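Below: one structure, written as structure tokens.
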Amino acid sequence: MSLPSASNPAPTTDETRAPVGWIDFCKRHPSECTTDRAEPAKIMLSQARWSEIAAINRRINAAIRPMPDIQHWGLVESWDFPDDGVGDCEDYVLEKRKQLVAAGLPRRALLITVVLDEANAGHAVLMVRTDRGDFVLDNKRDAILPWSATGYRFIKRESQGETGWVAFGAQEGNAATATLPPSN
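So this is what it looks like as structure tokens:
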């Protein structure tokens, strides 16, 4: 797998409220929710590092069986690690971030991100900030795409500057819209 082409980073604006599921998760796992400003804000991509990110993304996508929170836990929203091998999009994201951090990547560059997907439904992905741009790890596909090539509308993500969340762009009511390139 070759290094991706460089792309522009996703634009963010002001602080915004964190998702309710995140707030509850942080109460149970406070060490997962702090920002260490001493960590690098971007990952310097090498061929080995990119291959490692891709391998972890594929492994987690294959290891977890998708199931909505209401069916799994009887709750509308519950963020947690998928220790039982079952989870929804937030659980995939949390596990990917956990394993990438264990592999030596800075948590500050691995940002939980809320989007509207192709069906205009809420969805969570992991945004990886690199020296080559912002890339998205998604449980819906193994391919890692630049944020702008996902086809998603980006709503908010974790802040890199402090513990909290920031909104995306100034487009369409504080959201940045990504467009999939035409398929051949």
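Sequential numbering from 1 applies to the sequence shown in this note's numbering.
By construction, the Cβ of each residue, glycine as well, lies at the ideal position given by its N, Cα and C atoms.
Computed from a predicted model, the values in this text were never measured in an experiment.
Next item on the list: Could you check if residue 115 is buried or exposed, using at least 16 other CB atoms within 10 Å of its CB as the buried criterion?
Entry: Within the sequence shown, numbered from 1, the residue matching residue 115 stands at position 115. Flag for residue 115 reads buried.
Item checked: Contact under 7 Å by Cβ, residue 134 with residue 9 -> For the purposes of this step, residue 134 is taken as residue 134 along the sequence shown, with counting starting at 1. For the purposes of this step, residue 9 is taken as residue 9 along the sequence shown, with counting starting at 1. Note that the C-beta distance between residue 134 and residue 9 is below 7 Å.
Next item on the list: Count the other C-beta atoms from every protein chain shown that fall within 10 angstroms of the C-beta of residue 146, then say buried if there are 16 or more, exposed otherwise.
Entry: The count along the sequence shown starts at 1 and reaches residue 146 at position 146. Buried: at least 16 other Cβ atoms inside 10 Å.
Next item on the list: Decide if residue 94 is buried, meaning its Cβ has at least 16 other Cβ atoms within 10 Å, or exposed.
Entry: Here residue 94 corresponds to residue number 94 of the sequence shown, with the count starting at 1. Residue 94 is buried by the Cβ-count criterion.
Next item on the list: Return the CA-CA distance between residue 103 and residue 77, expressed in angstroms with no decimal places.
Entry: Taking the sequence shown and counting its residues from 1, one reaches residue 103 at position 103. Taking the sequence shown and counting its residues from 1, one reaches residue 77 at position 77. Distance between the alpha carbons of residue 103 and residue 77 is about 28 Å.
Notebook entry, point to check: According to DSSP, which residues form a beta bridge with residue 76?
Noted result: Against the sequence shown, residue 76 aligns to sequence position 76. Checking the DSSP bridge columns, you'll see residue 76 has no partner listed.
Margin query: Whole angstroms are fine: how far does the CA of residue 36 sit from the CA of residue 162?
Written below: For the purposes of this step, residue 162 is taken as the residue at position 162 of the sequence shown. For the purposes of this step, residue 36 is taken as the residue at position 36 of the sequence shown. One alpha carbon belongs to residue 162, the other to residue 36, and they sit about 8 Å apart.
Check: Nearest-angstrom Cα distance between residue 119 and residue 151?
Finding: Translated into the one-based positions of the sequence shown, residue 119 becomes position 119. Translated into the one-based positions of the sequence shown, residue 151 becomes position 151. About 10 Å.
Checklist line | Where the beta strand (DSSP E) containing residue 64 begins and where it ends | finding: As a first step, residue 64 is located in the sequence shown; it is residue number 64 there, counting from the start. From DSSP, residue 64 is part of no beta strand (DSSP E); its letter is neither H nor E.
Check: Rounded to the nearest angstrom, how far is the Cβ of residue 131 from that of residue 45, given a contact under 8 Å?
Finding: Position 131 of the sequence shown, counted from the start, is the residue given in the question as residue 131. Position 45 of the sequence shown, counted from the start, is the residue given in the question as residue 45. The pair is a contact, with the Cβ atoms about 6 Å apart (cut-off 8 Å).
Margin query: Measuring alpha carbon to alpha carbon, tell me which residue in 123, 137, 7, 72 is nearest residue 86.
Written below: Counted from its first residue, the sequence shown places residue 86 at position 86. Looking at the Cα atoms, 72 is the closest of the given residues.
Next item on the list: List the DSSP bridge partners of residue 165.
Entry: Your numbering for residue 165 matches position 165 in the sequence shown. Beta-bridge partners assigned by DSSP to residue 165: 16, 158.
Next item on the list: Note down the Cα distance separating residue 80 from residue 106, rounded to an integer number of angstroms.
Entry: In the sequence shown, residue 80 corresponds to position 80, counting from 1. In the sequence shown, residue 106 corresponds to position 106, counting from 1. Residue 80 and residue 106 have their C-alpha atoms spaced approximately 20 Å apart.
Notebook entry, point to check: Start and end of the alpha helix (DSSP H) containing residue 124?
Noted result: For the purposes of this step, residue 124 is taken as the residue at position 124 of the sequence shown. Counting along the chain, residue 124 sits inside no alpha helix (DSSP H); it lies in the beta strand (DSSP E) bounded by residues 122–130.
Notebook entry, point to check: CA-CA distance, residue 142 and residue 89?
Noted result: Within the sequence shown, residue 142 is the residue found at index 142, counting from 1. Within the sequence shown, residue 89 is the residue found at index 89, counting from 1. For residue 142 and residue 89, the gap between their C-alpha atoms comes out near 14 Å.
Check: Leaving out five residues before and five after residue 75 in sequence, what residues of the same chain have Cβ atoms less than 6 Å from its Cβ?
Finding: Within the sequence shown, residue 75 is the residue found at index 75, counting from 1. These residues qualify, in order along the chain: 69.
Notebook entry, point to check: What number of angstroms, rounded off, separates the C-alpha of residue 84 from the C-alpha of residue 96?
Noted result: Locating residue 84 in the sequence shown gives position 84, counting from the first residue. Locating residue 96 in the sequence shown gives position 96, counting from the first residue. In a straight line, the C-alpha of residue 84 is about 15 Å away from that of residue 96.
Checklist line | residue 112 and residue 158 closer than 7 Å at C-beta | finding: What you label residue 112 is simply residue 112 of the sequence shown in a count that begins at 1. What you label residue 158 is simply residue 158 of the sequence shown in a count that begins at 1. The answer is yes: Cβ separation under 7 Å.
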